[in-house]
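**Student:** One structure coming up, written as structure tokens, with questions to follow.
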Amino acid sequence: MVVALTGRTGSGCTSIADILATASFSDLNLPEIENSPWSQEGRKTKIVNKWLREKWTAFLRISVSDIILLIALSDQDNSTRECLKKGVEIKKALELDYIFTENFAIASKTINTLSLLRTATDSDKNDTYEFIFKRLPSIANNLRQILNSKDKSSYIAAFQKIGDNIRRSGSSSSDKISPSALLLIPDLISQILKLHRIKFPVSSNNKVHVVIDALRHPFEIRYLRERIARFYLIAVTTNDNDRKSRLIAQNYTIDDITKLDEKEYPTKNTDGYSAFISQNIQACLALADIYISNLGRGHKDLKATTQQLMRYIALMQHPGLVNPTSVERCMQVAFSARVNSGCVSRQVGAVVTNSNFSIQAIGWNDVPKGQVPCLLRNVDDVYARHDVIAYSEFELEDEDFRSLIKEKLSNNSVLKGRNQCYCFKDIYNSQKSTKNQVHTRSLHAEENAFLQIAKHGGPPVDGGNLFSTASPCELCAKKAFQLGIKNIYYIDPYPGISISHVLASGNNRPKIMLFSGAIGRAYHDLYDPIIPFKDEIARLSVG
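Position 151 of the sequence shown, counting from 1, maps to 288 under this note's numbering, and the rest follow consecutively.
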């Protein structure tokens, strides 16, 4: 069983990995559970903890930054080393030189053994395992201390850059494009997992649990997911104020945090090949199977976070051990609804419930009823004036707009059969040299759900809940406030001021909550029992 973590720096991925690596269940920092719980969720927690007291298995940790370091140590080119030494005092620079010189040979041998694992000798396998899990974490810690002597963000910034170089070229120092290098990091992780299985074959007495800390590139996640049967991606989330507070408590400056945020959540779209090799945490969060909400500032008590985590570890070990929460059930519907969207930019789903979590309306971002979604339109038809009902008079007649459409016709040869749909907003904004969001053709998912209630005369939702796969924009937030929505649950934060401005003013403010729970395929993997629980108990009782 492999659990991979993803999330922004400061969200708590390393803290979650520390929890999973705990040797004994009794050593976990869990909240006290009453013998007679007063709620259904309390009873579920009691069942989960009872199971894990018997079945807890400590996770073996694989650090992605350690894998990046392994590749850097094996690089014959000294330019990475020289780059890392910049700004470091002489004594620290000598220590850094020693780290690279002392470990070049063993790092090179380790990568060679992993690439030829089937034919490697037992001695080489043992040496490789020892270096990866015993020596490499210590080397990484020493290097972190050296680089952070410049400033707190130096280690992370350096390894983000090295990681980009590796995905681009296969080398820690080169920026020459080599497409085969894009998946070098997850391929090494896959080989390390194979090495661990060779040394410790899976049996009833030897269960292999691994945590990967942390994946921040979507292609690496997809690569491992396709190769590992029991692979779960956990997104560790927190609100931005808590995240920044933790980083400041670790002596990060505001400037450090700003640079970090621009790398992990860029305000501008990355162009060209850089879009493929750079970290994309937003895309990683969208791929998550489970979301763990790690709220709180500074060095907080992790009891609540640990208990959240225990629920899903127990369900990974025993699907169907407990049933979903009301919040999970409603968000799963919103998550499923989003695929109905015909928007070519992003797909969002939303659900509106009453105060008892009974679903009153479902929505997704799409064009008004009677219009054709962008996914089903294309530049050939609009330019040739075919299927005219699918296009507006403006699109069919405005010469400036049509000249921009004509430019896109030249791309047909490289699309290899794909429908060349287009985003009206993007083309119109480029025509007018603006970034006006009002020109979207689609209704927002939340807006669509609200209008379904109004259109069909549904019941009032005052005091109810809104579930959205993305937090509401300023306009949808105002509508939710006006309808008297009490709680808003979301997965992906919207890059605006709806939470800090629209929803943070006046009386009866909606409560904004990051979603915690299982979603998508994991919802069924974790909550569908393999056999009915009654039959399982009966068979165990027989012998």
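Backbone N, C-alpha and C fix where the C-beta goes; we use that ideal spot for every residue, glycine too.
I'd like the list of long-range same chain contacts for residue 467, defined as Cβ closer than 8 Å, with 5 residues on each side in sequence excluded.
**Tutor:** One-based indexing of the sequence shown puts residue 467 at position 330. Result list for residue 467: 488, 490, 494, 496, 602, 604 and 626, in chain order.
**Student:** How many angstroms separate the CA atom of residue 415 from the CA atom of residue 216?
**Tutor:** Your numbering for residue 415 matches position 278 in the sequence shown. Your numbering for residue 216 matches position 79 in the sequence shown. Computed Cα separation, rounded: 20 Å.
**Student:** Go ahead and label residue 376 buried or exposed: buried means 16 or more other beta carbons lie within 10 angstroms of its beta carbon, across all protein chains shown.
**Tutor:** By 1-based counting over the sequence shown, the position of residue 376 is 239. Buried: at least 16 other Cβ atoms inside 10 Å.
**Student:** For residue 610, which option in 359, 306, 666 and 485 has the closest C-alpha, if you only look at C-alpha atoms?
**Tutor:** Residue 610 sits at position 473 when you count from the first residue of the sequence shown. Here the closest residue by C-alpha is 485.
**Student:** Can you list, in chain order, the residues of its chain whose CB lies under 8 Å from that of residue 631, leaving out five sequence neighbours each side?
**Tutor:** Counting from one through the sequence shown, the residue named residue 631 turns up at place 494. 607, 608, 609 and 610, listed in sequence order.
**Student:** Where does residue 252 sit, in a helix, a strand or coil, going by DSSP?
**Tutor:** In the sequence shown, counting from the first residue as 1, residue 252 sits at position 115. Note: residue 252 maps to helix in three-state DSSP.
**Student:** Closest by CA to residue 234, which one among 283, 590 and 475?
**Tutor:** Counted from its first residue, the sequence shown places residue 234 at position 97. Per the Cα distances, 283.
**Student:** Less than 8 Å separating the beta-carbons of residue 351 and residue 143?
**Tutor:** For the purposes of this step, residue 351 is taken as the residue at position 214 of the sequence shown. For the purposes of this step, residue 143 is taken as the residue at position 6 of the sequence shown. Contact: yes.
**Student:** Who are the near neighbours of residue 292 in its chain, counting only those whose CB is closer than 6 Å to its CB and skipping five residues on each side?
**Tutor:** Here the question's residue 292 lines up with position 155 in the sequence shown. Cβ neighbours of residue 292 beyond the five flanking positions: 281, 284 and 285.
**Student:** On the DSSP letters alone, give me the boundaries of the alpha helix (DSSP H) that residue 486 sits inside.
**Tutor:** To locate residue 486, count along the sequence shown from 1; it is residue 349. Careful: residue 486 lies outside any alpha helix (DSSP H), inside the beta strand (DSSP E) at 486-490.
**Student:** Of the choices 211, 481 and 212, whose alpha-carbon is the least far from that of residue 134?
**Tutor:** Residue numbering for the chain in the displayed model covers 138 to 680; residue 134 lies beyond these limits and cannot be assessed.
**Student:** Are there 16 or more other CB atoms within 10 angstroms of the CB of residue 674, so buried, or fewer, so exposed?
**Tutor:** The count along the sequence shown starts at 1 and reaches residue 674 at position 537. Label assigned to residue 674: exposed.
**Student:** For residue 347, which of helix, strand or coil comes out of DSSP?
**Tutor:** The residue given as residue 347 occupies position 210 in the sequence shown. In the structure shown, residue 347 sits in a strand (DSSP, three-state: E or B).
**Student:** Would residue 250 be called buried (16 or more neighbouring beta carbons within 10 Å of its own) or exposed?
**Tutor:** Position 113 of the sequence shown, counted from the first residue, corresponds to residue 250. Per the 10 Å Cβ criterion, buried.
**Student:** Spatial neighbours of residue 579 within its chain, please: CB distance less than 6 Å, with the 5 preceding and 5 following residues excluded, ordered by chain position.
**Tutor:** Sequence index remark: in the sequence shown, residue 579 carries index 442 (1-based). For residue 579, where only same-chain residues beyond five positions count, the Cβ hits under 6 Å are 480, 502, 503 and 504.
**Student:** Can you give me the C-alpha to C-alpha distance between residue 615 and residue 151, rounded to a whole angstrom?
**Tutor:** Numbered from 1 along the sequence shown, position 478 holds the residue referred to as residue 615. Numbered from 1 along the sequence shown, position 14 holds the residue referred to as residue 151. For residue 615 and residue 151, the distance between alpha carbons rounds to 37 Å.
**Student:** In the DSSP assignment, find the unbroken beta strand (DSSP E) run with residue 454 in it and report its ends.
**Tutor:** For the purposes of this step, residue 454 is identified with residue 317 of the sequence shown, where counting begins at 1. Per DSSP, residue 454 belongs to no beta strand (DSSP E); it is in the alpha helix (DSSP H), 440-454.
**Student:** Measure the beta-carbon distance from residue 346 to residue 237 and round it to whole angstroms, keeping in mind my assumption that it falls under 8 Å.
**Tutor:** In the sequence shown, the residue the question calls residue 346 occupies position 209. In the sequence shown, the residue the question calls residue 237 occupies position 100. With 8 Å as the limit, residue 346 and residue 237 do not qualify as a contact, their Cβ atoms being about 33 Å apart.
**Student:** Does DSSP classify residue 628 as helix, strand or coil?
**Tutor:** The residue you call residue 628 lines up with position 491 of the sequence shown. Residue state, collapsed to three classes: strand.
**Student:** For the structure I just gave you, are there three or more beta carbon pairs, one from the stretch 414-434 and one from the stretch 655-667, closer than 8 Å?
**Tutor:** At 8 Å Cβ cutoff, the stretches touch.
**Student:** Where does residue 523 land, buried or exposed, given buried means 16+ other C-beta within 10 angstroms?
**Tutor:** Numbered from 1 along the sequence shown, position 386 holds the residue referred to as residue 523. With fewer than 16 Cβ atoms within 10 Å of its Cβ, residue 523 is classed as exposed.
**Student:** Does the stretch 447-464 come close enough to the stretch 328-339 to have 3 or more Cβ pairs within less than 8 Å?
**Tutor:** The stretch 447-464 is not in contact with the stretch 328-339.
**Student:** Between the beta-carbon of residue 726 and the beta-carbon of residue 210, is there less than 8 Å?
**Tutor:** Nothing about residue 726 can be reported from this structure: the residues present for the chain run from 138 to 680 only.
**Student:** By alpha-carbon positions, which one of 139, 399 and 633 ends up nearest to residue 326?
**Tutor:** Here residue 326 is taken as the residue at index 189 of the sequence shown, counted from 1. Selected option, being the one with the closest Cα: 139.
**Student:** Would you identify the three-state DSSP class for residue 692, choosing helix, strand or coil?
**Tutor:** This structure leaves residue 692 out entirely; the chain is present only between 138 and 680.
**Student:** So which of 218, 264, 274 and 260 has the shortest CA-CA distance to residue 198?
**Tutor:** Stepping through the sequence shown from its first residue, residue 198 is reached at position 61. When each option's Cα is compared against that of residue 198, the closest is 274.
**Student:** Find the nearest neighbour of residue 373 within the set 192, 146, 612 and 391, judged by alpha-carbon distance.
**Tutor:** For the purposes of this step, residue 373 is taken as residue 236 along the sequence shown, with counting starting at 1. Considering only alpha carbons, the answer is 146.
**Student:** Who are the near neighbours of residue 222 in its chain, counting only those whose CB is closer than 7 Å to its CB and skipping five residues on each side?
**Tutor:** Looking up residue 222 in the sequence shown gives position 85. Counting only Cβ-Cβ distances below 7 Å, and skipping sequence neighbours, we find 230 and 233.
**Student:** By the DSSP assignment, the beta strand (DSSP E) with residue 188 in it spans what residues?
**Tutor:** Stepping through the sequence shown from its first residue, residue 188 is reached at position 51. Looking at the DSSP string, residue 188 is not in any beta strand (DSSP E); the run it does join, the alpha helix (DSSP H), is 177-192.
**Student:** Quick one: what's residue 198 bridged to in DSSP?
**Tutor:** In the sequence shown, counting from the first residue as 1, residue 198 sits at position 61. Residue 198 pairs with 348.
**Student:** Where does residue 668 fall in DSSP's three states?
**Tutor:** The count along the sequence shown starts at 1 and reaches residue 668 at position 531. Three-state result, residue 668: coil.
**Student:** With a threshold of 8 Å, are at least 3 pairs of Cβ atoms found where one atom belongs to the stretch 450-464 and the other to the stretch 177-190?
**Tutor:** Segments in contact, yes.
**Student:** According to the Cβ coordinates, are residue 358 and residue 141 closer than 8 Å?
**Tutor:** Translated into positions along the sequence shown, residue 358 becomes position 221. Translated into positions along the sequence shown, residue 141 becomes position 4. Yes; because the gap between Cβ atoms is below 8 Å, this pair is in contact.
**Student:** Verify whether the separation of the beta carbon atoms of residue 671 and residue 648 is less than 8 Å.
**Tutor:** Here residue 671 refers to the residue found at position 534 of the sequence shown. Here residue 648 refers to the residue found at position 511 of the sequence shown. Going by C-beta atoms, residue 671 is not nearer than 8 Å to residue 648.
**Student:** Taking the Cβ atom as the reference point for each residue, do residue 156 and residue 439 lie within a distance shorter than 8 Å?
**Tutor:** Residue numbering aside, residue 156 sits at position 19 when the sequence shown is read from its first letter. Residue numbering aside, residue 439 sits at position 302 when the sequence shown is read from its first letter. It is a contact, given that the beta carbons lie within the stated cut-off.
**Student:** Which residues in the same chain as residue 262 place their Cβ atom closer than 8 Å to its Cβ, once the five residues preceding and following it in sequence are excluded?
**Tutor:** As a working note, residue 262 is residue 125 in the sequence shown. Cβ neighbours of residue 262 beyond the five flanking positions: 250, 254, 332, 335 and 336.
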